[in-house]
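Accompanying notes for the structure given below.
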Amino acid sequence: EDGGPDPETFCGHGRGGMGEEVKRKEDQRFITGRGNYVDDIKKPGMLHCEILRSPHAHARIKNIDKSRALDVDGVVAVLTADDLLEHGLATMPTLMADTQDVLVNDKVKFQSQEVAAVIATDRYTAKDGAQKVVVDYEVLDPVVDAHKALEEDAPLIRDDIEGQTDNHCLDWETGDEEATAKVFDEADVTVKEQMLYQRLHPAPIETCGAVGDYDPGKDKLTVHMTSQAPHIHRTLFSQVAGIPEHKVRIVSPDVGGGFGNKVPIYPGYVVAAAASVVLEKPVKWVEERSENIQSTGFARDYDMTGELAATKDGKIQAVRTHVLANHGAYNAVAQPSKFPAGFFNIFTGSYDIDTAYGSLTAAYTNTAPGGVAYRCSFRVTEAVYLIERMVKVLADELGMDPAEIRRKNFIPPEKFPYKSPTGWNYDSGDYEKALDLALEMADYDAYREEQQRRIDEDADKLLGIGISSFTEVVGAGPGKTCDIAGVEMFDSADIRVHPNGSATVRVGVQTQGQGHETTFAQIVAEELGMDVEDITVEHGDTDTDPYGLGTYGSRSTPVAGAAAAVAARKVREKAKTIAANELEASEDDVTWDRETGEFHLIGAPDRSITITEIAAGAYMNHPAGEEPGLEAVDYYDPPEMTYPFGSYIVVVEVDRETGEVEFEKFVAVDDCGNRINPMIIEGQIHGGLAQGIGTAMLEHVTYDDNGNVTGGDFMNYLLPTSMEIPEFETGYTVTPSPHHPIGAKGVGESPTVGSPPAIVNAVVDAMAHAGIKHIEMPMTPDRVWEKLDEAGLAI
Ligand code: PCD
1296 EDGGPDPETF
1306 CGHGRGGMGE
1316 EVKRKEDQRF
1326 ITGRGNYVDD
1336 IKKPGMLHCE
1346 ILRSPHAHAR
1356 IKNIDKSRAL
1366 DVDGVVAVLT
1376 ADDLLEHGLA
1386 TMPTLMADTQ
1396 DVLVNDKVKF
1406 QSQEVAAVIA
1416 TDRYTAKDGA
1426 QKVVVDYEVL
1436 DPVVDAHKAL
1446 EEDAPLIRDD
1456 IEGQTDNHCL
1466 DWETGDEEAT
1476 AKVFDEADVT
1486 VKEQMLYQRL
1496 HPAPIETCGA
1506 VGDYDPGKDK
1516 LTVHMTSQAP
1526 HIHRTLFSQV
1536 AGIPEHKVRI
1546 VSPDVGGGFG
1556 NKVPIYPGYV
1566 VAAAASVVLE
1576 KPVKWVEERS
1586 ENIQSTGFAR
1596 DYDMTGELAA
1606 TKDGKIQAVR
1616 THVLANHGAY
1626 NAVAQPSKFP
1636 AGFFNIFTGS
1646 YDIDTAYGSL
1656 TAAYTNTAPG
1666 GVAYRCSFRV
1676 TEAVYLIERM
1686 VKVLADELGM
1696 DPAEIRRKNF
1706 IPPEKFPYKS
1716 PTGWNYDSGD
1726 YEKALDLALE
1736 MADYDAYREE
1746 QQRRIDEDAD
1756 KLLGIGISSF
1766 TEVVGAGPGK
1776 TCDIAGVEMF
1786 DSADIRVHPN
1796 GSATVRVGVQ
1806 TQGQGHETTF
1816 AQIVAEELGM
1826 DVEDITVEHG
1836 DTDTDPYGLG
1846 TYGSRSTPVA
1856 GAAAAVAARK
1866 VREKAKTIAA
1876 NELEASEDDV
1886 TWDRETGEFH
1896 LIGAPDRSIT
1906 ITEIAAGAYM
1916 NHPAGEEPGL
1926 EAVDYYDPPE
1936 MTYPFGSYIV
1946 VVEVDRETGE
1956 VEFEKFVAVD
1966 DCGNRINPMI
1976 IEGQIHGGLA
1986 QGIGTAMLEH
1996 VTYDDNGNVT
2006 GGDFMNYLLP
2016 TSMEIPEFET
2026 GYTVTPSPHH
2036 PIGAKGVGES
2046 PTVGSPPAIV
2056 NAVVDAMAHA
2066 GIKHIEMPMT
2076 PDRVWEKLDE
2086 AGLAI
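At the far end of the sequence shown sits residue 2090, using the numbering used here, and the numbering has no gaps.
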């Protein structure tokens, strides 16, 4: 009867449905200081936990003396690996089924690894106590570089794994090696470039934290924690601690940004929970900024070689890539189980390329574990960087315009659904349309002229224009291919319409600032003809919400958003029966009108009834033979992922004297299918572009040869501020997803995925006429100046 909202007409029923710029419901509490974050939680008798961390990157622990710490007034307990061992909690599984020490048992493997936990009556006392724990270390040689870690004489990091004799972690490959080699052998033109996607760290405003709260009366463990995925965290907690799931409750309250950092389980969470069980008191742990950067999940750290084979006129025939991945001390990458390199194998990008091959080697190093999907659907950011950089390298080699070469190679709209050579099924796309709009918005031709003028006039500031026409892949499942620790990646929504016609919607995903309390209400408002104000969205509590896999990889809209629409349609189905009953008509004579949001008699639109009136009927006058009440739940296993895309154009000015880069223009055209809330999307794009600028220009977690983190705090790990962020000009096209119930795709990650190559391409472009082919991120002024110097452009 109803195929979902039509993008031509769905905007503006005026009830806050799809396409309306509804103000964010959650902002009332956020901007009036009434948010409730983990650190706001206060419980009677609550204790505080401080974690003592290793100053060494690689060291054997010979002895830990707790006695002086226990003497500190207010210190209640000092926990080490031995204490946890008694409770079976000494180790925890990583998301990749490796085993990580909760508190170091035997050997430290990275600087700032968790060694002991001090529990005290307040945070300051806990910190004082931690300083009095005496640890006797036998310091070992560390290795922090992935290349060096694989050398023969490198110190062995994982002597805890049986049979492990070197620092090799895993190998992975995709595509057809032989066929690809053949195309490369026979090609007119080949290009090759090596590029490091440096180690980054998602830096949410709120660091990680937890309050473990064991109730001995109910024998129930509640853990309030900064979690992007409360349900799977409950399952893992339950598995590790051996407590059945109904005796564990995870509550993820307001979360101050996630960005993939809050997907893994960290030792601090486990310690707070374990200490609460042992001491029978609530225990709070909240990490500091430097602890967050130095020990929780990092992102990227892929050293990539990219190669393209092409014809003389710029038709790309094959891609080949090899990656050396630094996985840190444990294999703790946050990917769906069957994807050790995440979704990196989508590296053919937006281009119709038949032949591809990729391989990857991962190494253990004495650095913090990670490989989280920082605003990235599982390594697609690295893949997009690789292909979008390589297309620019090829364009320069051939002397072609980078817009033209893209146009020549795009997957054409009529080829969708499109199957990529590495097995991806793209749902829909119109890449040229997005690029054309971006070119027009950016005044591309005029800037090209200006660029040439500056070269001709030997100007002090060069102009560079960078393009990125990326394709994202978001919305993991389907469950048959994507799982976490065996749990299939579906998601869920549960809708209850109350007697007065208002509704509560509960979802299996958890917002960290994206605005789900607004957008999920909009989906339901659209599908039920309700007013968005009458709908409350709840999430983040495993005791009340339906099971879901959480928010990351821009999966909430593609998966839980679909579940919300389907659950709403189930409610609508039942409502129709009640409508017929109330209108004293046969169900066949009743129809639903999306425009008015009402049921009415076919041919008699004035005999109509709203969902509010129907709700009363469901409780007060329910049809004979029907269950009373009006609710539905849906667990949605997506048939495919969704493939948002976009074209970004960046114009930079490069100062030949100082190497400084200034943004002259920044255009972002995104296509995320049908749009739920354009204002929220705009905010998502702005935030993500800022993070893309941080990536390209500033951010890098660095280490010295002794394994010390030299980029582990905000003095050294530089985030962009408003001073570094230019005005963004955003535009959009709409290519609905054909398989999503409301035609929507995800969007939150796109700007961070798509923008770094556009920015690097722009800076390279400013120097390309003098032979510069590549520059590594972050493009700090000294790095840019070196390149200028190398090209004879520095003044
Ligand atoms: N949307 C609309 N429409 C469409 C799509 C979408 O409206 N079509 C919207 C929604 O609803 C939401 C947003 O937008 O609200 C987003 O979405 P998505 O894309 O679906 O996504 P999600 O899932 O929700 O989320 C996630 C993302 C990510 S992934 C990240 S990083 C980031 C982003 O999100 N994070 C964050 N964004 C943000 N924001 C904020 N504020 N905060 C945060 O934290 Mo990862 O993987 O985790 O790394």
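Virtual Cβ for every residue (Gly too), placed ideally from N, Cα, C. If you're wondering where the values come from, they're calculated on a predicted model, not measured in any experiment.
CB of residue i within 8 Å of CB of residue j, strictly
i, j, result
"Trp1467", "Ala1733", "no"
"Arg1889", "Leu1896", "no"
"Thr1937", "Gly1810", "no"
"Val1371", "Leu1574", "yes"
"Met1685", "Val1486", "yes"
"Ala1536", "Cys1344", "no"
"Asp1932", "Val2029", "no"
"Ser1590", "Gly1835", "no"
"Ile1750", "Ile1944", "no"
"Ile1790", "Ala1863", "yes"
"Val1398", "Leu1374", "A small correction: the amino acid at residue 1398 is Leu; Val does not occupy that position in the sequence shown. Against a cut-off of 8 Å, the Cβ pair of Leu1374 and Leu1398 comes out as a contact."
"Ala1820", "Val1802", "no"
Environment of residue i [buried if 16+ CB atoms lie within 10 Å]
i, result
"Met2010", "exposed"
"Phe1325", "exposed"
"Tyr1419", "exposed"
"Ser1849", "buried"
"Asn1462", "buried"
"Ser1362", "exposed"
"Asp2077", "exposed"
"Asp1740", "exposed"
"Ile1975", "buried"
"Ala1855", "buried"
"Arg1674", "buried"
"Arg1701", "buried"
"Lys1402", "buried"
"Pro1497", "buried"
"Pro1697", "buried"
"Thr1907", "buried"
Euclidean distance between Cα positions of residue i and residue j
i, j, result
"Leu1681", "Lys1542", "46 Å"
"His1622", "Gly1665", "6 Å"
"Val1827", "Gln1323", "15 Å"
"Gly1898", "Val1885", "9 Å"
"Thr1846", "Gln1979", "14 Å"
"Asp1445", "Val1438", "At residue 1445 the sequence reads Leu, which differs from the Asp that was named. Cα to Cα, Leu1445 sits roughly 10 Å from Val1438."
"Phe1554", "Gly1644", "23 Å"
"Pro2046", "Gly1982", "8 Å"
"His2034", "Pro1934", "7 Å"
"Glu1296", "Val2048", "Unreliable placement is indicated for Glu1296, whose pLDDT of 44 sits below 50; the coordinate value is still reported in the next sentence. Taking the straight line from one Cα to the other gives about 38 Å."
"Arg1355", "Val1565", "23 Å"
"Leu2014", "Leu1993", "7 Å"
"Glu2100", "Pro1973", "Because the chain is modelled from 1296 through 2090, residue 2100 falls outside the range shown and cannot be assessed."
Own chain partners of residue i with C-beta closer than 7 Å, once the 5 adjacent residues on each side are dropped
i, result
"Glu1812", "Lys1320, Glu1321, Thr1806 and Val1832"
"Thr1650", "Asp1471, Ala1474, Thr1475, Val1478, Gln1612, Ala1613 and Pro1716"
"Val1861", "Asp1929, Tyr1931 and Pro2036"
"Pro2021", "Phe1958 and Phe1961"
Cβ-heavy atom distance, residue i to the ligand SAH, below 7 Å
i, result
"Ala1863", "As far as ligands go, the structure on display features the ligand PCD and does not contain the ligand SAH."
Same chain, Cβ closer than 8 Å to residue i, neighbours up to 5 away in sequence not counted
i, result
"Gly1241", "Nothing can be reported for residue 1241: it is not among the residues displayed for the chain, which extend from 1296 to 2090."
"Lys1869", "Ala1913, Glu1921, Leu1925 and Ala1927"
"Trp2080", "Thr1953, Gly1954 and Ala2089"
Cβ neighbours of residue i in the same chain (closer than 6 Å, five flanking residues each side left out)
i, result
"Ala1604", "Val1478, Phe1479, Ala1482, Thr1485, Gln1612 and Ala1613"
"Trp1719", "Ile1641"
"Lys1576", "Gly1340 and Leu1342"
"Val1550", "Thr1521 and Gln1807"
"Glu1488", "Gly1601, Val1688 and His2069"
"Thr1389", "Gln1395, Tyr1625 and Ala1627"
Worksheet item: Using 8 Å as the threshold, is the segment 1309-1320 in touch with the segment 1523-1534, meaning 3 or more CB pairs across them?
Response: no
Discussion item. Under 8 Å: do the segment 1421-1434 and the segment 1351-1368 share three or more Cβ pairs, one atom per stretch?
Written reply: yes
Item to complete: Answer yes if the segment 1558-1568 comes into contact with the segment 1853-1868, meaning at least three C-beta pairs across the two stretches below 8 Å, and no otherwise.
Response: no
Item to complete: Determine, using beta-carbon pairs with one atom in the segment 2042-2058 and one in the segment 1759-1774, whether at least three such pairs fall under 8 Å.
Response: yes
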